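Asker:
2 protein chains.
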Amino acid sequence: MDSLTPYQRKHKVTVIGSGNWGTAIAKIVAENTASNPAIFEKDVQMWVFEEKVEIPKDSPHYSSSSSLCQGPQNLTSVINATHENIKYLPGIALPPNLHANPSLEDAVKDSTILVFNLPHQFIIKTCEQIKGKILPYARGISCIKGVDVQEEGISLFSETIGKILGIYCGALSGANIASEVAQEKWSESSIAYDPPHLDSKAPTPNRSPSSSTVDVVHFEHRDVSGQFSRVKLQALPSEYPPIDHEVLKSLFHRPYFHIRVVSDVAGVSLGGALKNVVALAAGWVDGMGWGDNAKAAVMRVGLLEMVRFGERFFGATFEPRTFTEESAGVADLITSCSGGRNFRCAKLSVERKQPIEKIEETVLNGQKLQGTLTAIEVNSFLKKQGLEEEFPLLTAVYRILKGTMSVEDIPSYIER
Amino acid sequence: MDSLTPYQRKHKVTVIGSGNWGTAIAKIVAENTASNPAIFEKDVQMWVFEEKVEIPKDSPHYSSSSSLCQGPQNLTSVINATHENIKYLPGIALPPNLHANPSLEDAVKDSTILVFNLPHQFIIKTCEQIKGKILPYARGISCIKGVDVQEEGISLFSETIGKILGIYCGALSGANIASEVAQEKWSESSIAYDPPHLDSKAPTPNRSPSSSTVDVVHFEHRDVSGQFSRVKLQALPSEYPPIDHEVLKSLFHRPYFHIRVVSDVAGVSLGGALKNVVALAAGWVDGMGWGDNAKAAVMRVGLLEMVRFGERFFGATFEPRTFTEESAGVADLITSCSGGRNFRCAKLSVERKQPIEKIEETVLNGQKLQGTLTAIEVNSFLKKQGLEEEFPLLTAVYRILKGTMSVEDIPSYIER
Numbered sequence: 001m002d003s004l005t006p007y008q009r010k011h012k013v014t015v016i017g018s019g020n021w022g023t024a025i026a027k028i029v030a031e032n033t034a035s036n037p038a039i040f041e042k043d044v045q046m047w048v049f050e051e052k053v054e055i056p057k058d059s060p061h062y063s064s065s066s067s068l069c070q071g072p073q074n075l076t077s078v079i080n081a082t083h084e085n086i087k088y089l090p091g092i093a094l095p096p097n098l099h100a101n102p103s104l105e106d107a108v109k110d111s112t113i114l115v116f117n118l119p120h121q122f123i124i125k126t127c128e129q130i131k132g133k134i135l136p137y138a139r140g141i142s143c144i145k146g147v148d149v150q151e152e153g154i155s156l157f158s159e160t161i162g163k164i165l166g167i168y169c170g171a172l173s174g175a176n177i178a179s180e181v182a183q184e185k186w187s188e189s190s191i192a193y194d195p196p197h198l199d200s201k202a203p204t205p206n207r208s209p210s211s212s213t214v215d216v217v218h219f220e221h222r223d224v225s226g227q228f229s230r231v232k233l234q235a236l237p238s239e240y241p242p243i244d245h246e247v248l249k250s251l252f253h254r255p256y257f258h259i260r261v262v263s264d265v266a267g268v269s270l271g272g273a274l275k276n277v278v279a280l281a282a283g284w285v286d287g288m289g290w291g292d293n294a295k296a297a298v299m300r301v302g303l304l305e306m307v308r309f310g311e312r313f314f315g316a317t318f319e320p321r322t323f324t325e326e327s328a329g330v331a332d333l334i335t336s337c338s339g340g341r342n343f344r345c346a347k348l349s350v351e352r353k354q355p356i357e358k359i360e361e362t363v364l365n366g367q368k369l370q371g372t373l374t375a376i377e378v379n380s381f382l383k384k385q386g387l388e389e390e391f392p393l394l395t396a397v398y399r400i401l402k403g404t405m406s407v408e409d410i411p412s413y414i415e416r
Numbered sequence: 001m002d003s004l005t006p007y008q009r010k011h012k013v014t015v016i017g018s019g020n021w022g023t024a025i026a027k028i029v030a031e032n033t034a035s036n037p038a039i040f041e042k043d044v045q046m047w048v049f050e051e052k053v054e055i056p057k058d059s060p061h062y063s064s065s066s067s068l069c070q071g072p073q074n075l076t077s078v079i080n081a082t083h084e085n086i087k088y089l090p091g092i093a094l095p096p097n098l099h100a101n102p103s104l105e106d107a108v109k110d111s112t113i114l115v116f117n118l119p120h121q122f123i124i125k126t127c128e129q130i131k132g133k134i135l136p137y138a139r140g141i142s143c144i145k146g147v148d149v150q151e152e153g154i155s156l157f158s159e160t161i162g163k164i165l166g167i168y169c170g171a172l173s174g175a176n177i178a179s180e181v182a183q184e185k186w187s188e189s190s191i192a193y194d195p196p197h198l199d200s201k202a203p204t205p206n207r208s209p210s211s212s213t214v215d216v217v218h219f220e221h222r223d224v225s226g227q228f229s230r231v232k233l234q235a236l237p238s239e240y241p242p243i244d245h246e247v248l249k250s251l252f253h254r255p256y257f258h259i260r261v262v263s264d265v266a267g268v269s270l271g272g273a274l275k276n277v278v279a280l281a282a283g284w285v286d287g288m289g290w291g292d293n294a295k296a297a298v299m300r301v302g303l304l305e306m307v308r309f310g311e312r313f314f315g316a317t318f319e320p321r322t323f324t325e326e327s328a329g330v331a332d333l334i335t336s337c338s339g340g341r342n343f344r345c346a347k348l349s350v351e352r353k354q355p356i357e358k359i360e361e362t363v364l365n366g367q368k369l370q371g372t373l374t375a376i377e378v379n380s381f382l383k384k385q386g387l388e389e390e391f392p393l394l395t396a397v398y399r400i401l402k403g404t405m406s407v408e409d410i411p412s413y414i415e416r
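Each protein sequence line maps, in turn, to chains A and B.
full-length UniProt numbering puts the first residue of the first sequence at 1, with every later residue one more than the last.
full-length UniProt numbering puts the first residue of the second sequence at 1, with every later residue one more than the last.
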């Protein structure tokens, strides 16, 4: 898409969330809106949960004469004055066209593209707060890692967002550590985006590209528990460039952040959850001193069970290649099994002969590992379905956590 | 297959080669012939290139009164007396039913299953020596890693063996380090075996299982350069249990050595060659300090180019899942990019700012890395085909080796 675009309007982009990953993604997005002026409005809003911060005396932004440095200040004011999120992404210069906004409603107003990047426990509350206050034809991208697994079923955060807001929402996930991406160390990521084809269902198929007809489709999603939920989805007015894979790539792809856009939202979302369970097994096996071959074997079996999980529970839309070929699959798994938290803590628990809860206490100050939580949730879901035996590695991880199986049993148990 | 087998004859197995990998595989095979007496003759022959060895004084086998310890002895005599290959696999007890044999012709005589495990430069000479002296209906398994890449085309070692001897030969490859397998540390491996279906082409389809009819098919192979070679293949007499995936699994699978049998000989063989090229790139990127995400990105792109390579040049028989799901693919790649020689030397070459030849001199005493040789061979092949651009990572590795590209260029070059 070049500057001779036939579209009268440009996309306004808002990033909802400003932790370290939220800010790193907002930096990328603002860099790209600036370099693609034909498609995007340059200014990007970033919603920041307001809090008080003080600029430390050793900060390059500190000046005893500046009013910003007289006691606690609003984080948004500091970000907008210094172009740095000194609390959650210190040391990283942010583009001047990225604007911190403490008002959620104001930040999302008139935006066609909403990027969600906040801790998953805040999703529902945040979406409820902006419901009905966003453009009805906005589109979302969820950068929230993982999925919500309950005994009854699995829901994707992108779907939770889409259902509450009545919009379509895709997902971004990959082998990414926020601080490394912020430092512009090269990495890759995957975006999954597959909205219903509104245009092909439009009543006036030959409408001109400048027509402002707004079309509506009913978008149905069948979740794992078998329930259908119906979302009335509005077509993007044709004054805007269509939000397609190419436009999303131009919003997220950077020379240091390579994006591949696929259609498999379930796969991209699931990868970020299940890899943490596999990383526990890899850490245990590595801790046993069984060598790189054994660790690679556990990763290979884990990858296969991830594929099987996707095929079994998201068969209609899931694409095995997401796991075997994309960053959100095999690459994220490799990274997590190299030096991720779950891997490291599991390895320590074998080396120190301590239960993983003890490692969580001593190494993570009592924070819970994502992998242990997911392993337990996934097991209660599989047990309810009577499918533990079909996923021996996922099941072994759960049983080892519960103390009813030992790491030595992994090879023979997953052999069956 | 249980002991109530209807077959009058059992398979005799010979392992050709006795280096560290050859001896480790011979140990496995002999353990399995002993535990599957209905299918295999218990005694396994291992051909040993005869040489003189001395039992060192600190060996548990040393005894000043033993004639075996009076000066240099034949390696075969020492192996058969001590049940240890003191030269190539010291410290590992070999099963007593494994017999070292210095005569190649005698070792292969009457064997229905020939396991080839010797350095690839000796394949042709060794096969020429036993041509016409083996059972005409014998079958082979090549454990020789990699493929033979020339400017004109690529040939699989299993095919070289099969063509010279007029037999069908499959392949075994995986994430395996000989010493770890010998110590019974758990790992996995892949066997590829896909002979033409002799029985379905037999002139007497209803022959009884005890019939001794020998059927013949003409087995054609089209190699990359477009040449057909025709092998007259004899059916296994029906007195023997058919050599199928199940029988091969019972010959190679152990509790510590998990085997999956597939049909894709090209994929299993190619994986072991191309992964070394990818490991060089992973080592360079790691040496740059770009982090685990960047390394995982290189591995992901490498895996995709391996798949593309297989599809493009072995499309008729190649199966992408071999690379994305089997030990000979993704697992072997992971192991090689974790601590393999190619990875470690490439990493050192960036850290020490020295060309890789210098690292080969200082770290490997002048031995050449497999990855550098393969990268050069693969490039001359791709160049001749005009296909360098379709394999940007493989091409980048070659150019970095030649000094016409730098490691910093990898992300932008493979992005195209």
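Even for Gly, the Cβ is constructed at its ideal location relative to N, Cα and C.
Here the structure is a predicted model, which is why all the values come from computation and not from measurement.
Look at the alpha carbon of B/E390 and the alpha carbon of B/N176, and state the distance between them as a whole number of angstroms.
Answerer: What you label residue 390 of chain B is simply residue 390 of the second sequence in a count that begins at 1. What you label residue 176 of chain B is simply residue 176 of the second sequence in a count that begins at 1. B/E390 and B/N176: Cα-Cα distance of roughly 30 Å.
Asker: Does DSSP classify B/R312 as helix, strand or coil?
Answerer: The count along the second sequence starts at 1 and reaches residue 312 of chain B at position 312. In this structure, B/R312 counts as helix in the three-state DSSP scheme.
Asker: Would a check of beta-carbon distances place B/M1 closer than 8 Å to chain A?
Answerer: On the second sequence, residue 1 of chain B is found 1 positions in, with the first residue counted as 1. Any reading at B/M1 must be qualified, since the residue scores a pLDDT of 46, below 50, and its modelled position is unreliable; no value is offered.
Asker: Could you run through the segment 265 to 299 of chain A and flag, in chain order, every residue whose CB is less than 7 Å away from some CB of chain B?
Answerer: Within the segment 265 to 299 of chain A, the qualifying residues are W290, G291, D292, N293, A294, A296, A297 and M299.
Asker: May I ask which residues mark the beginning and end of the alpha helix (DSSP H) holding B/Q385?
Answerer: Along the second sequence, read from residue 1 onward, the residue named residue 385 of chain B stands at position 385. That run of the alpha helix (DSSP H) goes Q370 to Q385.
Asker: Are the CB atoms of A/F318 and A/M306 nearer to each other than 8 Å?
Answerer: Position 318 of the first sequence holds residue 318 of chain A. Position 306 of the first sequence holds residue 306 of chain A. Against a cut-off of 8 Å, the Cβ pair of A/M306 and A/F318 comes out as no contact.
Asker: Could you pull the start and end residues of the alpha helix (DSSP H) that A/K163 belongs to?
Answerer: As a position in the first sequence, residue 163 of chain A is number 163, starting the count at 1. Here the alpha helix (DSSP H) through A/K163 covers F157 to L165.
Asker: Along the chain, which unbroken stretches of the alpha helix (DSSP H) at least 4 residues long are found entirely within the segment 219 to 302 of chain B?
Answerer: Whole alpha helix (DSSP H) segments, 4+ residues: 245 to 252 and 265 to 287.
Asker: Can you give me the C-alpha to C-alpha distance between A/C69 and A/K87, rounded to a whole angstrom?
Answerer: Along the first sequence, one-based indexing puts residue 69 of chain A at 69. Along the first sequence, one-based indexing puts residue 87 of chain A at 87. Those two C-alpha atoms are separated by around 15 Å.
Asker: Count the other C-beta atoms from every protein chain shown that fall within 10 angstroms of the C-beta of A/R352, then say buried if there are 16 or more, exposed otherwise.
Answerer: In the first sequence, counting from the first residue as 1, residue 352 of chain A sits at position 352. Flag for A/R352 reads exposed.
Asker: CA-CA distance, A/L89 and A/E151?
Answerer: Here residue 89 of chain A is taken as the residue at index 89 of the first sequence, counted from 1. Here residue 151 of chain A is taken as the residue at index 151 of the first sequence, counted from 1. In a straight line, the C-alpha of A/L89 is about 36 Å away from that of A/E151.
Asker: Between the alpha carbons of B/L387 and B/M299, how many angstroms are there, rounded?
Answerer: Here residue 387 of chain B refers to the residue found at position 387 of the second sequence. Here residue 299 of chain B refers to the residue found at position 299 of the second sequence. In a straight line, the C-alpha of B/L387 is about 21 Å away from that of B/M299.
Asker: Which of the residues in the segment 320 to 332 of chain B, read from start to end, lie with their CB under 9 Å from any CB of chain A?
Answerer: Listed by position along the chain: P320, R321, F323, T324, E325, E326, S327, G329, V330, A331 and D332.
Asker: Run through the segment 114 to 190 of chain B for me and flag every whole alpha helix (DSSP H) of 4 or more residues, listed as ranges in chain order.
Answerer: If we require 4 residues or more, the alpha helix (DSSP H) runs fully inside the segment 114 to 190 of chain B come out as 123 to 130, 157 to 165 and 178 to 182.
Asker: Given a cut-off of 8 Å on the beta-carbon distance, is the pair A/V277 and A/V397 in contact?
Answerer: As a first step, residue 277 of chain A must be located in the first sequence, where it is residue number 277. As a first step, residue 397 of chain A must be located in the first sequence, where it is residue number 397. A contact, by the Cβ cut-off of 8 Å.
Asker: What are the partner residues of B/A192, as DSSP defines its beta bridges?
Answerer: For the purposes of this step, residue 192 of chain B is taken as the residue at position 192 of the second sequence. Its beta-bridge partners are B/A171 and B/V262.
Asker: Check the Cβ-Cβ distances between A/S188 and every residue of chain B, and say whether any is below 8 Å.
Answerer: To locate residue 188 of chain A, count along the first sequence from 1; it is residue 188. The sequence as given places Glu at residue 188 of chain A; Ser does not occur at that position. Yes, A/E188 counts as interfacial toward chain B.
Asker: The beta strand (DSSP E) spanning B/T14 covers which residue range?
Answerer: The sequence position of residue 14 of chain B within the second sequence is 14, counting from 1. That run of the beta strand (DSSP E) goes H11 to I16.
Asker: Mind checking the segment 164 to 189 of chain A against chain B and listing, in chain order, the residues whose C-beta falls within less than 7 Å of any C-beta there?
Answerer: Residues passing the 7 Å Cβ filter: A175, N176, I177, E180, K185, W186, S187 and E188.
Asker: Should B/Q354 go down as buried or exposed, given a rule of 16 or more other Cβ atoms within 10 Å for buried?
Answerer: Position 354 of the second sequence, counted from the first residue, corresponds to residue 354 of chain B. With fewer than 16 other Cβ atoms within 10 Å, it is exposed.
Asker: Under 8 Å Cβ-Cβ, which residues of chain B neighbour A/H258?
Answerer: Position 258 of the first sequence, counting from 1, holds the residue named residue 258 of chain A. Ordered by position in chain B, the residues that pass the 8 Å Cβ test against A/H258 are A297, P411 and E415.
Asker: Going straight from the alpha carbon of B/I154 to that of B/V147, what length do you get?
Answerer: Start at 1 with the first residue of the second sequence, and residue 154 of chain B comes out as number 154. Start at 1 with the first residue of the second sequence, and residue 147 of chain B comes out as number 147. Their Cα atoms are separated by approximately 7 Å.
Asker: Using the DSSP secondary-structure output, state which residues sit across from A/N74 in a beta bridge.
Answerer: Numbered from its first residue, the first sequence carries residue 74 of chain A at position 74. Looking at the DSSP assignment, A/N74 forms a beta bridge with A/K52.
Asker: Report yes or no: do three or more beta-carbon pairs, one from the segment 249 to 268 of chain B and one from the segment 152 to 171 of chain A, lie closer than 8 Å?
Answerer: Counting Cβ pairs under 8 Å, fewer than three are found: no touch.
Asker: Just to check my reading of the structure: A/G170 and A/I191 have Cβ atoms closer than 8 Å, yes? What is that Cβ distance to the nearest angstrom?
Answerer: Along the first sequence, one-based indexing puts residue 170 of chain A at 170. Along the first sequence, one-based indexing puts residue 191 of chain A at 191. With 8 Å as the limit, A/G170 and A/I191 qualify as a contact, their Cβ atoms being about 6 Å apart.
Asker: Can you look up B/K42 in the DSSP assignment and give me helix, strand or coil?
Answerer: Translated into positions along the second sequence, residue 42 of chain B becomes position 42. If DSSP states are grouped into helix, strand and coil, B/K42 belongs with the strands.
Asker: List the residues of chain A that B/I334 touches, going by C-beta distances under 7 Å, in chain order.
Answerer: For the purposes of this step, residue 334 of chain B is taken as the residue at position 334 of the second sequence. By Cβ distance, chain A contributes A296, M299 and I334.
Asker: What runs of the alpha helix (DSSP H), each 4 residues or longer, lie entirely inside the segment 316 to 372 of chain A?
Answerer: Within the segment 316 to 372 of chain A, the complete alpha helix (DSSP H) runs of at least 4 residues are 321 to 325, 332 to 339, 341 to 351 and 356 to 363.
Asker: Taking its Cβ as the centre, do 16 or more other Cβ atoms sit within 10 Å of A/Q121, making it buried, or is it exposed?
Answerer: As a position in the first sequence, residue 121 of chain A is number 121, starting the count at 1. Result: exposed.
Asker: Is B/A93 helix, strand or coil by DSSP?
Answerer: Along the second sequence, read from residue 1 onward, the residue named residue 93 of chain B stands at position 93. DSSP places B/A93 in coil when its eight states are reduced to three.
Asker: In three-state DSSP terms, what is B/D2?
Answerer: Along the second sequence, one-based indexing puts residue 2 of chain B at 2. Legend: pLDDT at B/D2 = 49, less than 50; position of this residue unreliable, value from coordinates given subsequently. Coil.
Asker: Would you be able to state if there are at least three C-beta pairs under 8 Å between the segment 24 to 39 of chain B and the segment 118 to 136 of chain B?
Answerer: Short answer: they don't touch.
Asker: Are the Cβ atoms of B/V15 and B/N85 separated by less than 8 Å?
Answerer: Locating residue 15 of chain B in the second sequence gives position 15, counting from the first residue. Locating residue 85 of chain B in the second sequence gives position 85, counting from the first residue. Going by C-beta atoms, B/V15 is not nearer than 8 Å to B/N85.
Asker: I need the DSSP call for B/N101, collapsed to helix, strand or coil.
Answerer: By one-based count along the second sequence, residue 101 of chain B stands at place 101. In the structure shown, B/N101 sits in a strand (DSSP, three-state: E or B).
Asker: Give the C-beta separation of A/V231 and A/G140 to the nearest angstrom, bearing in mind that I take them to be a contact with Cβ-Cβ under 8 Å.
Answerer: Numbered from its first residue, the first sequence carries residue 231 of chain A at position 231. Numbered from its first residue, the first sequence carries residue 140 of chain A at position 140. That pair is no contact at about 12 Å.
Asker: Grab me the residues of A/T160's own chain with a C-beta within less than 8 Å of its C-beta, minus the 5 sequence neighbours each way, in chain order.
Answerer: For the purposes of this step, residue 160 of chain A is taken as the residue at position 160 of the first sequence. So the qualifying residues of the chain are I123, I124, C127 and D148.
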